[in-house]
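K.L.:
In the UniProt record's numbering, the protein residues as written are 1 to 252.
(1) Note down the Cα distance separating residue 229 from residue 38, rounded to an integer number of angstroms.
(2) Under a three-way DSSP split, which group does residue 213 fall into?
(3) Assign residue 55 to one of two classes, buried (16 or more other C-beta atoms within 10 Å of its C-beta) or exposed (fewer than that).
(4) Going by alpha carbons, who is nearest to residue 115 out of 102, 50 and 90?
(5) I want to know whether the stretch 130 to 146 touches the stretch 73 to 92 - three or more CB-CB distances under 8 Å.
(6) Roughly how far, in whole angstroms, is the beta-carbon of residue 81 from the beta-carbon of residue 71, given that I think they are within contact range, below 8 Å?
(7) Leaving out five residues before and five after residue 249 in sequence, what residues of the same chain have Cβ atoms less than 6 Å from its Cβ?
(8) Closest to residue 216 by CA distance: which of 246, 75, 46 and 194 is it?
(9) Given a cut-off of 8 Å on the beta-carbon distance, is the pair residue 105 and residue 48 in contact?
(10) Tell me the DSSP bridge mates of residue 127?
(11) Locate the alpha helix (DSSP H) running through residue 206, then write down its first and last residues.
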């Protein structure tokens, strides 16, 4: 058994209303969640304080993005300092929807990650490949290329890497209902851990939690969770539903 604490993140994306998010929070507050699992939820920025103020303290809250500059004249952005000031302890960075729809490059994602870590935030750092890249056997090259850009920003500093949770999300499986087989997911997770061992350090490779994301639900989570290098999930649509609790409790 790994000593890495299982981690389940819920990415609400651009979904929810005051009413629906209060209902999600109430359900989480009333549920008996596995105490051996670290749970973090990421509502839209408009509702960050609503969630933090009403959610039980055992569950942490993440932003879905953060800017890599101090407070200042950056209209529409949120700073790491403002998140910390609001007791928001995590942020998601590098999600494929921002990489592809908004054109965030590896360099931009790496800069945001380094800045967030330096400001004390934990980072759920996302990577993944397209269907075309998967079908042309480029998956590992794409994912390790994204990791290499991150290493260029962080170096081999174990303290910095300890603030990162890696989320492998095959782009072709996000919101499509498709999910990588347990073998496909495990193979990529093992490759990520192997890359970290060779390029950062064996200690960082052993300690880093690697999550699977991409149409995770209460039906497929148990089999995925049994894989040696899958240390949790980054859940999209299912995080808006009561079944999110079942995903958190997949080991019970």
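Where a beta carbon is used, it is the ideal one built from N, C-alpha and C, also for glycine.
P.N.:
Inspection of the coordinates gives the following:
(1) Here residue 229 is taken as the residue at index 229 of the chain shown, counted from 1. Here residue 38 is taken as the residue at index 38 of the chain shown, counted from 1. Taking the straight line from one Cα to the other gives about 17 Å.
(2) Translated into positions along the chain shown, residue 213 becomes position 213. Looking at residue 213 - three-state DSSP - the assignment turns out to be strand.
(3) As a first step, residue 55 must be located in the chain shown, where it is residue number 55. Counting Cβ neighbours within 10 Å, residue 55 comes out buried, since at least 16 surround it.
(4) Start at 1 with the first residue of the chain shown, and residue 115 comes out as number 115. Relative to the Cα of residue 115, the nearest Cα in the group 102, 50 and 90 belongs to 90.
(5) Between the stretch 130 to 146 and the stretch 73 to 92 there are fewer than three inter-stretch CB-CB distances shorter than 8 Å, so the stretches are not counted as touching.
(6) Looking up residue 81 in the chain shown gives position 81. Looking up residue 71 in the chain shown gives position 71. About 6 Å separates the two Cβ atoms, so the contact holds.
(7) Here residue 249 refers to the residue found at position 249 of the chain shown. Its chain contains 34 as the residues whose beta carbon lies nearer than 6 Å to that of residue 249, once the 5 sequence neighbours on both sides are disregarded; these appear in chain order.
(8) Working through the chain shown from its first residue, we reach residue 216 at position 216. Checking every option, the nearest Cα to that of residue 216 belongs to 246.
(9) Counting from one through the chain shown, the residue named residue 105 turns up at place 105. Counting from one through the chain shown, the residue named residue 48 turns up at place 48. One thing to note: residue 105 has its Cβ no nearer than 8 Å to the Cβ of residue 48.
(10) Within the chain shown, the letter at position 127 stands for residue 127. In the DSSP assignment, residue 127 is bridged to 168.
(11) Locating residue 206 in the chain shown gives position 206, where the first residue counts as 1. First-last of the alpha helix (DSSP H) with residue 206: 202 to 207.
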